[in-house]
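Residue numbering for the sequence shown follows the numbering used here, beginning at 18 and increasing consecutively. Cβ coordinates follow ideal geometry from the N, Cα and C atoms, glycine included. Working notes, beginning with the structure itself.
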Amino acid sequence: MPSFNAAFDAVLKFCAGLAGAIFALIALAICLNVILRNTGSGSLRGLLDAVEYGLLAATFLAAPWVLWKQAHVTVDLVTASLPTAVARPLARLVALLGFVVSTAFLWYATEAALQSAERGSMIRTAFVIPEWWALSAAPVGFVMICIEFLRQALHPRLSHDMAGL
18 MPSFNAAFDA
28 VLKFCAGLAG
38 AIFALIALAI
48 CLNVILRNTG
58 SGSLRGLLDA
68 VEYGLLAATF
78 LAAPWVLWKQ
88 AHVTVDLVTA
98 SLPTAVARPL
108 ARLVALLGFV
118 VSTAFLWYAT
128 EAALQSAERG
138 SMIRTAFVIP
148 EWWALSAAPV
158 GFVMICIEFL
168 RQALHPRLSH
178 DMAGL
């Protein structure tokens, strides 16, 4: 299990880095587009569509890392004051609930992507791409989110370092 955890941690870090690179490219492209428009040079064709796809991909690439780092908003007013003997099982229960909900999202996201691929649906904007390419970001992200929730259920972390901020 330690080697799986180390490998999965590396995957999460890679995905977070990739998401960060996508966000940085989006920021640079938007700045470039503003400069081009303000200098009368037109604009970058398809930029808005590329930004939409980039935001979609980056969000689902970064979400598992955010969960792993416990860096999202959490309301720990109650759990921070509980004794460890109570807080640990509660953290396990919450992680299992997150796993169940994420598994449901994974199921429907996968179903949507597969149906789109079977139908041969295309997105026709500035780019013409198969719809399932865009839809595949969600199942990939939710697989990693489900794995992370299972890891947290098996080994709950009771870190309250940022409680009260």
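Residues that residue i bridges to, as DSSP identifies them
i: R141; result: V145
6 Å Cβ shell around residue i - same chain, five flanking residues per side excluded
i: L61; result: N50
i: S138; result: E148
i: I140; result: I146, E148
Buried or exposed (CB count within 10 angstroms, at least 16 for buried), residue i
i: R168; result: buried
i: W124; result: exposed
i: L110; result: exposed
i: I52; result: exposed
i: E165; result: buried
i: M161; result: buried
i: S98; result: exposed
Span of the alpha helix (DSSP H), counted from its first residue to its last, around residue i
i: P81; result: 64-86
i: D26; result: 19-55
Contact set for residue i: own chain, Cβ-Cβ below 7 Å, skip 5 residues either direction
i: P173; result: R105, A108, R109, A112
i: A129; result: L152
i: G63; result: A143, F144
i: V157; result: F77
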